[in-house]
Amino acid sequence: MALQKSEIMLVVAAAVITLLSFAVPDWLAFTTTLAIASAMVVLGVVMLMRAGLVSFGQGLYYCIGGYAVGMGGRFLGITDALVLIGMGVAVTVALAMLLGLLLTRYREIFFAMLTLAFSMILYGILVKSQNLGSTDGFGVGNWTLLWFDPEGGKGSKTVLWLATAVGLAVALFLNRYFGSAIGLACEAIRENEVRVEYMGMSRRQILYINYVIAAAIGSIGGSLTSLAAGHVDPTMAYWTISGEFVFIALLGGTGHVAASFIAAMIFIMVRTYAVELFPNSWQLILGTVLLLIILFLPKGIWSLFTRKRRVAS
Amino acid sequence: MLTVWAILIDGLIYASWLFLVAAGLTVIYGVMRILNMAHGSLYALGAYAAASALGWYYNGVGDQLWIALAMIAACAVMIGALAGVIMERGVLRLMYGRDEVLMLIVTFAMLLILEDVMKLIWGTTPYFAYQPYAAMGRFNIGVLTVSGYQLMVVGVSVVVGLALWFWLERTKIGKILRSIIHDREVSEAMGVNVRRMFTITFMIGAALGAIAGGVTAPIISVVPGVGVEVIVVAFAVVVTGGLGSITGAAIGALIVGLARAVSIHTMPELELFIVYAVMASVLIFRPHGLFGQAVARKI
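Below is the structure:
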């Protein structure tokens, strides 16, 4: 299985991030970690978008991943980061397999609103859970990584390396997935789902598998975020957070896996500065940019690269 | 027995508030096929406008209850219709013909913009306009005490519902709108100015959202973010009843309102998500809501 050209680029990018992590200040390492983690949730949104579905509730799995890390350390005494992430994925897959049975029957705004409703149910439960810190959430305990014991548990370099490695694995997997039979069938469903059935494929089955994988990846993103931030709270499941993921997905576009990572990095960097400079007009900027993207760049920033390439050839 | 009465009355009050909030959303969706995520922001706009107008009025200008109520209505309708025109002419018009779900994202963008515009205009400190609520006192119904203002909200909701019904079923514009709902292209061919009808519809839908906010302003403290919370509940109501149907919105509001009242009086910890539970369970059995119409699949 030889690597494709764009996959080699992904590996190189991951290596560069790892090397640079020795040189950059902690805050930049932290920001990059958050961007990689968000990008994974965004990739889940992108997977659904490729099938023509918009999820306003991907925060559900983002939140489950985060809380699995927090609760695993707090109640079960598990400290290994990989085990904690795995627990989040296991819970997420179980829930997604259940919700997927229902959600795959819906399209367009119904899908969007139902996913939103489910994430708000989780938000409601968490807000009412006193022993989970209610609206304040709780701190994530110290964690270890295999035989490492990163300094203070929240070593921003270690979590960046972990995020880079996991992010690379997910990106390579999804790149193959998008080109696989089922990944291509998702695009076919977006174009015309009745014809997909004519070709002998089950659209429910395809959408179901796609949904569950998207959820699992979202959960990994949530776990990494909570490992990096050292804190979880119910807003992870609030629907405006899911809205931000939709925003990043549209910003990047569905053209390539790398687009989500680039878009997430842009988003998080801009947010870091915008929140400081214009605390009361950050959403104003966000909304305006969103409208501009929809009007002038409907395929996201990735289309800028491909457009340029077409001119060159 | 007392609990049953309390549930019924609380449920009715909450249901009428839900209907007020949801009516504009369902009108806009019914005619324009746009699920307006910014509806909650219009609600917040109405609430802010009413609260600051009442603040100005009670701060030395006068204290007549009926003038205050008239001011709520006037301010809400004016700011709602104004925001509606700007949103429809300025943004939505550029986007017509795109996917329904993309329009959802467009209105989400407008929600983000409006939230911050309101913060820039009114700041982040809460506004209070409790005077009309206090002035209307409380009534005894049997052994229960109900505030007069909340009873008035029930009345407003019934009036709005009837007016909408009359507008859609008994007037010429209503008939034209129904023809657009039925088949947009044919009505355009018959000489209907669909774009103008869209502007009118959006203005009315937006004004309804603002009225809901204005009416609610005396009951709550108006802070940034009130709209964001409202919109999800409003969605749940209209989706339960069937998107685009006024009757559906009314029935959905009643179901959700009663369900919430039952949960508050018997299982308070479920209160936050009972709304979504109702919506999800209705959609499992009737994917297009109770009064929604199934659409034929395209091949």
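If you're matching them up, the sequences are chains U and F in order.
For the first sequence, my numbering assigns the number 1021 to the initial residue and increments by one for each residue that follows.
For the second sequence, my numbering assigns the number 4 to the initial residue and increments by one for each residue that follows.
All residues carry an ideal CB built from backbone N, CA and C; glycine is no exception.
Bear in mind the structure is a predicted one, so any value in this text is a computation, not a measurement.
In the DSSP assignment, the beta strand (DSSP E) including residue i goes from what residue to what residue?
i	result
F/Leu144	Checking the sequence, you will find Ile at residue 144 of chain F rather than Leu. Counting along the chain, the beta strand (DSSP E) containing F/Ile144 begins and ends at 141 to 144.
U/Leu1096	From DSSP, U/Leu1096 is part of no beta strand (DSSP E); its letter is neither H nor E.
U/Leu1039	Premise fails: U/Leu1039 lies in the alpha helix (DSSP H), 1025 to 1040, not in any beta strand (DSSP E).
Are the CB atoms of residue i and residue j nearer to each other than 8 Å?
i	j	result
U/Leu1104	U/Trp1163	yes
U/Val1111	U/Ala1088	yes
F/Leu48	F/Gly228	no
U/Ile1056	U/Ser1239	no
U/Ile1282	U/Gly1275	no
F/Thr127	F/Ala41	no
F/Ala210	F/Val120	no
U/Ile1237	U/Val1277	no
U/Leu1030	U/Leu1297	no
U/Ala1071	U/Leu1180	no
F/Tyr254	F/Leu293	Correcting the residue type first, residue 254 of chain F is Ile in the shown sequence and not Tyr. A contact, by the Cβ cut-off of 8 Å.
F/Val161	F/Ala50	no
U/Leu1063	U/Leu1194	yes
U/Leu1152	U/Phe1076	no
F/Ala264	F/Tyr17	yes
F/Met74	F/Leu97	no
F/Ile267	F/Thr243	no
F/Leu38	F/Leu117	no
F/Val159	F/Val218	yes
U/Gly1187	U/Met1060	yes
U/Val1309	U/Trp1302	no
F/Thr202	F/Glu91	yes
F/Ile249	F/Leu147	no
F/Ala220	F/Ala77	no
U/Gly1241	U/Tyr1143	no
F/Val241	F/Thr29	yes
F/Val231	F/Gly43	yes
U/Gly1108	U/Thr1099	no
On the DSSP bridge assignment, give the partners of residue i in chain order.
i	result
U/Thr1164	U/Asp1100
F/Leu147	F/Ile144
U/His1251	U/Gly1159
F/Val225	F/Tyr130
Could you pull the start and end residues of the alpha helix (DSSP H) that residue i belongs to?
i	result
U/Leu1046	In the sequence under discussion, the amino acid at residue 1046 of chain U is Asp, which differs from the Leu named in the question. 1046 to 1070 is the span of the alpha helix (DSSP H), which, as asked, contains U/Asp1046.
U/Ile1261	1259 to 1272
F/Phe288	274 to 288
U/Gly1203	1201 to 1211
U/Phe1298	Per DSSP, U/Phe1298 belongs to no alpha helix (DSSP H) and is neither H nor E.
U/Leu1142	1128 to 1148
U/Ser1154	Where U/Ser1154 is concerned, there is no enclosing alpha helix (DSSP H), given that its DSSP letter is neither H nor E.
F/Thr269	249 to 269
F/Gly49	42 to 59
F/Thr6	5 to 35
If you measure from the CB of residue i, is any heavy atom of the ligand PLP nearer than 7 Å?
i	result
U/Ile1314	With respect to small molecules bound, the structure shown includes none, and the ligand PLP cannot be examined in it.
Which whole runs of the alpha helix (DSSP H) in the region 61 to 137 of chain F are 4 residues long or more, in chain order? 68 to 90, 103 to 125
Continuous beta strand (DSSP E) assignments of at least 3 residues falling wholly in the region 154 to 206 of chain F: If we require 3 residues or more, the region 154 to 206 of chain F turns out to have no beta strand (DSSP E) run fully inside it.
Where the region 114 to 134 of chain F meets chain U: residues whose CB sits under 9 Å from a CB there: Leu114, Leu115, Ile116, Leu117, Glu118, Asp119, Val120, Lys122, Leu123, Gly126, Thr127
If you measure beta-carbon to beta-carbon, which residues of the region 1121 to 1134 of chain U are closer than 9 Å to chain F? Leu1122, Arg1125, Tyr1126, Arg1127, Glu1128, Ile1129, Phe1130, Phe1131, Ala1132, Met1133, Leu1134
Residues of the region 156 to 180 of chain F whose Cβ lies closer than 8 Å to any Cβ of chain U, in chain order: Cβ contacts with chain U: none found.
Interfacial residues, the region 1211 to 1232 of chain U to chain F, with Cβ spacing under 7 Å: Residues Val1214.
When you check each C-beta in the region 1137 to 1165 of chain U against every C-beta of chain F, which residues fall closer than 9 Å? Ala1137, Phe1138, Met1140, Ile1141, Leu1142, Tyr1143, Gly1144, Ile1145, Val1147, Lys1148
Closer than 7 Å, Cβ to Cβ, to anything on chain F: give me those residues from the region 1235 to 1266 of chain U, in chain order. Trp1259, Thr1260, Gly1263, Val1266
Beta carbons nearer than 7 Å to chain F: which residues of the region 1069 to 1080 of chain U have them? Val1074
Listed in chain order, which residues of the region 200 to 216 of chain F have Cβ atoms closer than 8 Å to some Cβ of chain U? none
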